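Asks: Here's a structure for you.
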Amino acid sequence: MKTARRLSPLPLLLILALLIFTAGLITGWTGASAQEQFAQKTLNVQNPAPEETGLPLPTPTPIPSRSAAPQDSWALALVNFDHPLPDSFAVPELTRLRNGQAIDSRAYPALQAMMDDARAAGLQPLICSSYRTWDTQERLFEAEVRRWLARGYIGEDAEAQAAMWVARPGTSEHQLGLAVDIVDLSYQVLDEGQENTPVQQWLMAHCWEYGFILRYPTDQSGLTGIGYEPWHYRYVGAEAAREMAERGVCLEEYLSQ
Numbered sequence: 079m080k081t082a083r084r085l086s087p088l089p090l091l092l093i094l095a096l097l098i099f100t101a102g103l104i105t106g107w108t109g110a111s112a113q114e115q116f117a118q119k120t121l122n123v124q125n126p127a128p129e130e131t132g133l134p135l136p137t138p139t140p141i142p143s144r145s146a147a148p149q150d151s152w153a154l155a156l157v158n159f160d161h162p163l164p165d166s167f168a169v170p171e172l173t174r175l176r177n178g179q180a181i182d183s184r185a186y187p188a189l190q191a192m193m194d195d196a197r198a199a200g201l202q203p204l205i206c207s208s209y210r211t212w213d214t215q216e217r218l219f220e221a222e223v224r225r226w227l228a229r230g231y232i233g234e235d236a237e238a239q240a241a242m243w244v245a246r247p248g249t250s251e252h253q254l255g256l257a258v259d260i261v262d263l264s265y266q267v268l269d270e271g272q273e274n275t276p277v278q279q280w281l282m283a284h285c286w287e288y289g290f291i292l293r294y295p296t297d298q299s300g301l302t303g304i305g306y307e308p309w310h311y312r313y314v315g316a317e318a319a320r321e322m323a324e325r326g327v328c329l330e331e332y333l334s335q
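Following the working numbering, the numbering of the sequence shown begins with 79 at its first residue and continues without gaps.
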């Protein structure tokens, strides 16, 4: 009977040690990979990528300025030779005055206050012209053209001279309903002598307090395109009238600045 040969334990121990060492390396690599993934996730949380929400970014609210948002934008409408009434212009609601006159109802309280205070000061102001229809303005302009034709001017020259004193239809502030011609009851003539009357002296000094301006000053015809009219007052609103009086500018200058 043959006796079975006993195997040496040394090869088995070497094999077992090799398996354990290999398993440790694999575990180490797996752990390192997991740590790297965790670290990457942590960085992504601390510095997240911007989300694509599809919504617009908020726009800062602009600081309002006088020229962009005047308190009475309707009262600052510019009407002159270069800025005629737009085709969309609609006649505003009017308040009827004495002698068939009328003014934009929004400007009426200020006009009435100015007239009342002038009378309280012992003066006699008289509104001789106010809101005008297109037909009325056309009739007045044509009459002025005829006067210049009678003085020897011809064609376009006569019209250009007439336009310095009576606006062409569609370019008159009277058609806006915001302009009034005011004279002294004791001197009802529309000429430069009007500036020396007590009524005009008072109005020139105080009209801005009621939101009105002397629209066509003597030294600014080059800007307004209209000759000196010391009787033509225009409502522009209290704030604008005060600023224009302080700075000594006409409406064209005020709006351009």
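Glycine included, each C-beta is placed from N, C-alpha and C at the ideal position. All figures in this text were calculated on a predicted structure; none of them were measured in a lab.
Does the Cβ of His310 have 16 or more other Cβ atoms within 10 Å, making it buried, or fewer, making it exposed?
Replies: Under this definition His310 is a buried residue.
Asks: Excluding sequence positions up to five away, which residues of its chain have a Cβ less than 6 Å from the Cβ of Ser250?
Replies: Taken in chain order, the residues that qualify are Gln215.
Asks: Does DSSP classify Val277 as helix, strand or coil?
Replies: The answer is helix: DSSP assigns Val277 an H, G or I state.
Asks: According to the neighbour-count rule (16 or more other Cβ atoms, all chains shown, within 10 Å of its Cβ), is Phe219 buried or exposed?
Replies: It counts as buried.
Asks: Name, in chain order, the residues that DSSP records as bridge partners for Asp262.
Replies: Per DSSP, Pro203, Tyr265.
Asks: I believe Leu154 touches Ala257 by the beta-carbon criterion, under 8 Å. Please report the beta-carbon distance rounded to the nearest angstrom.
Replies: Their Cβ separation, rounded to whole angstroms, is 13 Å, which puts Leu154 and Ala257 out of contact at 8 Å.
Asks: Should Gln335 be labelled buried (16 or more other beta-carbon atoms within 10 Å of its own) or exposed?
Replies: Gln335 is exposed by the Cβ-count criterion.
Asks: Could you name the residues of the same chain whose beta carbon sits closer than 6 Å to that of Met322, not counting the 5 residues immediately before and after it, in chain order?
Replies: Correct list, in chain order: Ile291, Tyr332.
Asks: Please name the residue or residues paired with Phe290 in a DSSP beta bridge.
Replies: Its beta-bridge partners are Tyr313.
Asks: Pull up the CB-CB distance for Ser208 and Ala245, whole angstroms please, since I reckon it's below 8 Å.
Replies: Actually they do not touch by this definition, with Cβ atoms about 14 Å apart.
Asks: Whole angstroms are fine: how far does the CA of Pro162 sit from the CA of Leu301?
Replies: Taking the straight line from one Cα to the other gives about 16 Å.
Asks: Could you compute how far the alpha carbon of Val157 sits from the alpha carbon of Leu254?
Replies: Computed Cα separation, rounded: 8 Å.
Asks: Grab me the residues of Leu172's own chain with a C-beta within less than 7 Å of its C-beta, minus the 5 sequence neighbours each way, in chain order.
Replies: Taken in chain order, the residues that qualify are Ala180, Ile181, Asp182, Ser183, Tyr209, Gly255.
Asks: Count the other CB atoms, across all protein chains shown, that sit within 10 Å of the CB of Arg325; report buried if there are 16 or more and exposed otherwise.
Replies: Classification for Arg325: exposed.
Asks: Using 8 Å as the threshold, is the C-beta distance between Val267 and Gln202 below it?
Replies: For Val267 and Gln202, no; Cβs fall outside 8 Å.
Asks: Cα-Cα, which of Asp195, Ala238, Ala221, Ala316 is closest to Gly303?
Replies: Among Asp195, Ala238, Ala221, Ala316, the Cα nearest to that of Gly303 belongs to Ala238.
Asks: Go through its chain and collect everything with a Cβ distance to Glu307's Cβ below 6 Å, but skip five positions before and after it.
Replies: Cβ neighbours of Glu307 beyond the five flanking positions: Tyr294.
Asks: Just tell me which of Pro247, Asn177, Asp195 has its CA closest to the CA of Ile217.
Replies: Reading off the sequence, residue 217 comes out as Arg, not Ile. For Arg217, the nearest C-alpha among the options comes from Pro247.
Asks: Which value, in whole angstroms, describes the spacing of the CA atoms of Asp194 and Leu175?
Replies: The alpha-carbon atoms of Asp194 and Leu175 are separated by roughly 13 Å.
Asks: Near Asp259, what residues of its chain come up, given a Cβ to Cβ distance below 6 Å and the 5 sequence neighbours on each side ignored?
Replies: Once the five neighbours on either side are set aside, the close Cβ partners of Asp259 are Cys206, Ser207, Trp309, His310.
Asks: Can you tell me which of the three DSSP states Leu163 falls into?
Replies: The answer is coil: DSSP assigns Leu163 none of H, G, I, E or B.
Asks: Just to confirm before moving on: does the CB-CB distance between Tyr313 and Ala185 stay below 8 Å?
Replies: Yes, these two residues count as a Cβ contact at 8 Å.
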